[in-house]
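Residue numbers (the working numbering), protein chains in the order written: chain D, 18 to 367; chain E, 3 to 289.
Here's the structure, in structure tokens; my notes come after.
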Amino acid sequence: MMSPLKSGWYRLPGLLRYALQRLGMGAVLCVGVTFVSFALTQVVPGDPVTANLGERAAADPEIVALYRERYGLDKPLPAQYARYLTRLLQGDLGISQQTHRPVATDLATYMSATLELAIVAMVLAMAAGMALGIVAAVWRDGWPDQVIRVVSLAGVSVPTFWLALVCLYLFFFKFNLSPGVGRLGPGTPAPEALTGLYTLDAALRGQWGLLREALSYIALPALVLATYTTGIVTRFTRAAMLDSLGHDYVRAARAKGLPAHTVILRHALRPALAAIITVSGMAFGRMLAGAVLVESVYSWPGLGLYAYRSALTLDLQAIMGVSLIIAVIYILVNLAVDILYAVIDPRIRY
Amino acid sequence: MTETTLPSHRAGRRLRPVWMQPLGLIGAAILIALALVAVLAPLIAPYDPLTQEARRLMPPSAEHWFGTDQLGRDVFSRVLHGARLSLPYALQLVVLAGLLGTVLGAIAGYFGGWVDGLIMRMADLVLAFPDIILAMAVVAALGPGLFNAVLAVVIVSWPIYARVARSMILSLRNEPFVLSRRLLGASSARTLWSEVRPNITGPLVVLVALEYGHAVLILSGLSFLGLGAQPPAAEWGAMVSEGAKYFDKWWMSVFPGLAILLVVMAANFLGDTLRDVIDPRSKRHLS
């Protein structure tokens with residue numbers, strides 16, 4: 018006999034059941050992520066008491082005892098973890114030692130810049146990577162394939178921080194093609210926030226001059242950030258396309274005289290798309306990691322720059338906040354990708 | 003009873019010649035040359051990497067091929083000496099992460115059950131963090147330094163090896179030659195070592211080669227951020243970072259960065275070729 022709950026579960030549509038299952042796993046993973054960041058704060062050498070109170074106050078045993086009691090540092094570790102979780106759920110990520118503001122507030126300020134950069138870079142990487150991958154697969158083992166192979170290997174081999182510097186030197190300093198670092202020119206006020214993404218906000222409000230300016234500033238960092246992901250997307254597109262080009266239905270489509278581009282884009286690309294999207298979801302994580310390096314070179318006021326500054330001042334609360342939020346974004350993106358995958362490819366059912 | 007009466011080892015089907023593939027050959031040659039540079043750096047570097055040898059911030063010239071930096075040190079000598087840091091530390095990193103990941107993955111795959119669940123969920127957890135950001139957090143907790151950076155990246159990079167090792171063990175666990183060794187009374191540890199290990203070494207070596215480039219990138223990235231090697235060490239990432247402060251003196255950051263690019267590309271050429279050669283599902287060598 019099945020319990021009513023269980024039979025109800027199996028009456029749900031397959032896709033919904035799958036989505037709920039993935040959502041549950043994502044939630045478990047998020048809890049695990051908080052556990053990791055809590056564990057890391059525990060291995061910090063040095064006493065958080067002295068770090069937060071300063072020498073004078075830390076010398077006074079009464080103040081230290083009060084401080085420990087106030088922040089629950091006198092409790093056993095599981096109790097401290099429970100306390101940490103409760104605070105997290107209330108949106109309290111601690112106070113940044115560097116900015117003296119709540120970490121949650123800082124994250125909210127910096128997040129939109131990173132998201133904008135990552136989204137633009139992802140769009141560029143997907144477009145370029147898929148185009149190159151398709152060309153390489155179609156001209157397999159010919160010279161375009163060889164050239165693209167070397168180029169995509171170079172793309173995943175180049176150190177992002179160095180490429181960022183070299184591009185800035187060339188396009189800003191030498192040829193004056195890029196306006197420089199930051200999100201907008203020094204005197205330009207940001208568009209009134211709707212989404213926090215400057216390009217989108219400017220476009221939505223019809224401020225075309227501002228849109229052009231925002232685009233000219235984002236172009237260089239986004240291109241640099243896209244390089245690595247372009248390499249990965251290219252190689253996976255090529256592999257997935259080679260796989261699907263080998264199928265009988267592709268040969269059949271060719272045999273009945275369909276034009277080459279129809280066969281390639283309709284018959285071969287469609288099944289390859291699922292694999293390409295999955296890999297792009299995973300590559301998004303590396304893109305967020307690369308954002309740290311790119312943002313620190315281009316003074317792009319995002320999570321990466323914030324993480325970089327916090328890491329330099331050993332501001333643990335802040336950097337934990339960044340890794341938490343980025344891990345959660347990453348989990349959500351991959352969740353979305355998993356679900357999208359099931360929508361695109363009806364064979365996927367768990 | 004001798005080995006020969008057991009069903010044949012699969013390990014016999016080994017690497018096809020790598021030297022047939024030009025990219026892999028180029029990669030291997032560059033890596034060997036750079037390893038030689040690392041060993042011979044004190045002999046072949048024209049100047050001392052840590053002392054002032056000339057005027058500050060001189061552009062490249064006949065005496066100083068890569069120019070001099072803000073302290074009048076010879077950039078060419080520093081780049082050569084940089085190989086002594088980046089190459090061995092990255093090797094240390096992939097070997098440690100590879101061993102840790104393989105052992106954990108082998109345990110997970112061979113024993114299954116709750117051990118498997120525990121280890122692989124831990125792996126999923128670590129993979130949920132973008133690597134450099136988790137590494138930054140670990141370094142912030144441990145304190146900056148090249149060795150701490152290596153430890154931090156080991157902590158964030160073992161899951162890849164664990165996943166590969168586990169999936170290979172799962173497919174090998176019920177192979178006749180493994181089962182027969184078990185039936186002959188060999189212990190789990192012995193079976194893993196003498197029957198399973200030879201069959202997973204090849205793919206793991208490929209993985210190490212592929213990950214080596216990434217190790218160089220992430221270590222130099224951490225040094226660039228000021229969390230790895232500390233000045234005055236002649237580490238490539240740290241040198242690029244110092245060069246960034248003298249923006250118009252391009253030679254200070256261009257050359258160390260090129261060195262990183264060279265190592266990583268060579269490792270990726272080699273790794274990519276090895277994968278094509280060893281992976282039966284890769285179709286390149288069929289055509």
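For each residue, glycine too, the CB sits at the ideal point set by N, CA and C.
Only a predicted model underlies this, so the values are computations on that prediction, with no experimental measurement involved.
Give the single residue among the options whose Cα lies nearest to the Cα of residue i.
i: Ala130/E; options: Ile348/D, Ala353/D, Ser24/D and Ile361/D; result: Ile348/D
i: Ala56/D; options: Leu36/E, Pro90/E, Leu136/E and Trp67/E; result: Leu136/E
i: Ile151/D; options: Val173/D, Leu242/D, Arg326/D and Thr251/D; result: Thr251/D
i: Leu212/E; options: Val81/E, Val266/E and Asn201/E; result: Val266/E
i: Ala154/E; options: Tyr163/E, Ile162/E and Ala143/E; result: Ala143/E
i: Arg58/E; options: Met254/E, Gly103/E and Leu260/E; result: Met254/E
i: Tyr1/E; options: Trp195/E, Asp278/E, Gly187/E and Val210/E; result: This structure leaves residue 1/E out entirely; chain E is present only between 3 and 289.
i: Thr295/D; options: Gly274/D, Ile342/D, Ala257/D and Pro161/D; result: Ala257/D
i: Ile28/E; options: Gly115/E, Leu106/E and Asn270/E; result: Asn270/E
i: Pro206/D; options: Leu194/D, Glu230/D and Val198/D; result: Glu230/D
i: Leu310/D; options: Leu322/D, Arg255/D, Cys47/D and Gly302/D; result: Leu322/D
i: Leu170/D; options: Ser173/E, Gly273/E and Ala85/E; result: Gly273/E
i: Asn201/E; options: Ser173/E, Tyr214/E and Leu224/E; result: Ser173/E
i: Glu177/E; options: Arg165/E, Val198/E, Arg192/E and Ala167/E; result: Val198/E
i: Ala99/E; options: Phe226/E, Val158/E, Thr70/E and Leu185/E; result: Val158/E
i: Val96/E; options: Gly228/E, Val156/E, Gly204/E and Ala31/E; result: Val156/E
i: Val267/D; options: Val339/D, Ile112/D and Val155/D; result: Val155/D
i: Gly263/D; options: Ala289/D, Leu105/D, Gln97/D and Ile346/D; result: Ala289/D
By DSSP, does residue i sit in helix, in strand, or in coil?
i: Thr70/E; result: strand
i: Pro93/D; result: coil
i: Asp76/E; result: strand
i: Pro24/E; result: helix
i: Phe178/D; result: helix
i: His264/D; result: coil
i: Asp126/E; result: helix
i: Asn176/E; result: coil
i: Thr251/D; result: helix
i: Pro146/E; result: coil
i: Thr205/D; result: coil
i: Thr203/E; result: helix
i: Ser20/D; result: coil
i: Phe192/D; result: coil
i: Leu214/D; result: coil
Any C-beta of chain D sitting closer than 7 Å to the C-beta of residue i?
i: Leu136/E; result: yes
i: Asn150/E; result: no
i: Ser255/E; result: yes
i: Leu45/E; result: no
i: Ile133/E; result: Per the sequence shown, residue 133/E should be read as Asp rather than Ile. Yes - at least one Cβ of chain D is within 7 Å of the one on Asp133/E.
i: Phe78/E; result: no
i: Ile34/E; result: no
i: Ile121/E; result: no
i: Val242/E; result: yes
Quick check: residue i and residue j, are their CB atoms within less than 7 Å of each other?
i: Leu134/D; j: Pro208/D; result: no
i: Ser129/D; j: Gly213/D; result: yes
i: Ile171/E; j: Gly111/E; result: yes
i: Phe257/E; j: Val39/E; result: no
i: Thr330/D; j: Gln115/D; result: yes
i: Val241/D; j: Cys184/D; result: yes
i: Trp160/E; j: Gly103/E; result: yes
i: Gly307/D; j: Tyr245/D; result: yes
i: Pro176/D; j: Leu87/E; result: no
i: Leu148/E; j: Tyr91/E; result: yes
i: Arg85/D; j: Asp91/D; result: yes
i: Ile165/D; j: Ala153/D; result: yes
i: Ala13/D; j: Leu32/D; result: This structure leaves residue 13/D out entirely; chain D is present only between 18 and 367.
i: Pro146/E; j: Ile343/D; result: no
i: Ile356/D; j: Ala36/D; result: yes
i: Arg277/E; j: Val208/E; result: yes
i: Ile280/E; j: Gly204/E; result: yes
Can a CB atom of chain E be found closer than 7 Å to the CB of residue i?
i: Ala344/D; result: yes
i: Gly159/D; result: no
i: Ser174/D; result: yes
i: Ser195/D; result: no
i: Ser368/D; result: Coverage of chain D is limited to positions 18 through 367, which leaves residue 368/D absent and any answer about it impossible.
i: Ile112/D; result: no
i: Val53/D; result: yes
i: Phe178/D; result: yes
i: Val309/D; result: yes
At a threshold of 6 Å, does residue i count as lining the ligand NAD (C-beta to nearest heavy atom)?
i: Arg165/E; result: Absence of the ligand NAD is noted for the structure shown, with no ligands found whatsoever.
message: Report the start-end ranges of each alpha helix (DSSP H) in the segment 240-280 of chain E that is 4 residues or longer and not cut off at the edges.
response: 253-280
field: In chain order, each alpha helix (DSSP H) run of at least 4 residues that lies wholly inside the segment 97-175 of chain D
entry: Taking only runs of at least 4 residues, the alpha helix (DSSP H) segments lying wholly in the segment 97-175 of chain D are 120-155 and 160-174.
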